[in-house]
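These notes are about the structure you will find just below.
In the numbering used here, the protein residues as written are 218 to 489.
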């Protein structure tokens, strides 16, 4: 497939994988914990984590006693995952480099499978959803998370900050409305691609950028594949101005001034 965006390639995620694990995975981990709870992951489960990134879901499932296979197309992310696995559950988490749109796995193998903010980046999201259903047991459970169309996103916050700092700058077009961007869209899309008994939960958690939002802004150019095409257009002076504007954006998002609420859609279902 041609004309892939940076976030749809391993090159978008490999270089900053360790920083991603430190800066962003604690935030996505809150959504992963919700998924683990709703799926009822326990010690008898064999679990698949697709587009696992640095392991927010995989590690939490293993801590509940499950045996987990975590797959991702970015080997650097799996390196970060293995580094992050606590020693007490290290034997319960295996990794493999794999394309979530075409899993090299037998059908009906896993009792639970999930993709936490991973499948949403696939060039063919439908293929990823069908693969989750294919490899999950008939009596198994599945979960996928996506961002609400109306929610904050890093690329939106960064774009707003850059436009404040550099008026008139030309930035790449924002992501179009997504099939998984609304509860109705999630339910319809998942059913279309091999899921049934779908429940969509709206879940909100705060991205805490810390006491130095400007420093967080600068770091994103190293670990966020959706953000890098925006910040790559800036020179050093513009980056500093945009970082200051980002701090203003964050300060206006919550009374604490160091966080931004993000709303995710956590969809649960079973294979059709």
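The C-beta atom is built at its ideal place from N, Cα and C for all residues, glycine as well.
- For the pair residue 314 and residue 290, the CB atoms are nearer than the 9 Å cut-off.
- Secondary structure at residue 390: coil, using DSSP grouped into helix, strand and coil.
- Across the set 336, 262, 320 and 357, the C-alpha of 262 shows the shortest separation from the C-alpha of residue 310.
- Residue 322 and residue 352 have their alpha carbons spaced roughly 7 Å apart.
- Within the same chain, 368, 369 and 424 come within 6 Å of residue 479 by CB-CB distance, once the 5 residues on both sides are set aside.
- In the same chain as residue 341, and ignoring 5 residues on each side of it, the C-beta atoms closer than 7 Å to its own belong to 318, in chain order.
- Going by DSSP, residue 261 is part of no alpha helix (DSSP H) at all; its letter is neither H nor E.
- For residue 314, the enclosing beta strand (DSSP E) begins and ends at 310-314.
- Within the model, the alpha-carbon separation for residue 465 versus residue 256 is close to 38 Å.
- Per DSSP, the beta-bridge partners of residue 416 are 485.
- Annotation: residue 264 to residue 327 spans about 6 Å, alpha carbon to alpha carbon.
- According to the DSSP assignment, residue 328 belongs to the beta strand (DSSP E) that extends over 327-333.
- Collapsing the DSSP output to three states places residue 245 in a helix.
- When the beta-carbon positions are compared, residue 435 and residue 248 stay at least 9 Å from each other.
- Boundaries of the alpha helix (DSSP H) harbouring residue 454: 453-468, taken from the DSSP string.
- Here residue 426 really is in contact with residue 476; their C-beta atoms are around 7 Å apart, less than 8 Å.
- Setting aside the 5 residues that flank it on each side, residue 279 is surrounded in the same chain by 285, 306, 309 and 310, each with a C-beta closer than 6 Å to its C-beta; the list follows chain order.
- One alpha carbon belongs to residue 467, the other to residue 337, and they sit about 25 Å apart.
- Boundaries of the beta strand (DSSP E) harbouring residue 358: 353-364, taken from the DSSP string.
- Burial check for residue 383: the Cβ neighbour count within 10 Å reaches 16 or more, so the residue is buried.
- Burial of residue 406 is indicated by the presence of at least 16 other C-beta atoms within 10 angstroms of its C-beta.
- Ranked by how close their Cα comes to the Cα of residue 320, the residues 373, 344, 298 and 300 have 344 in first place.
- Check the Cα spacing between residue 484 and each of 390, 438, 299 and 331: the tightest is with 331.
- Taking the C-beta atoms as reference points, residue 267 is found nearer than 9 Å to residue 348.
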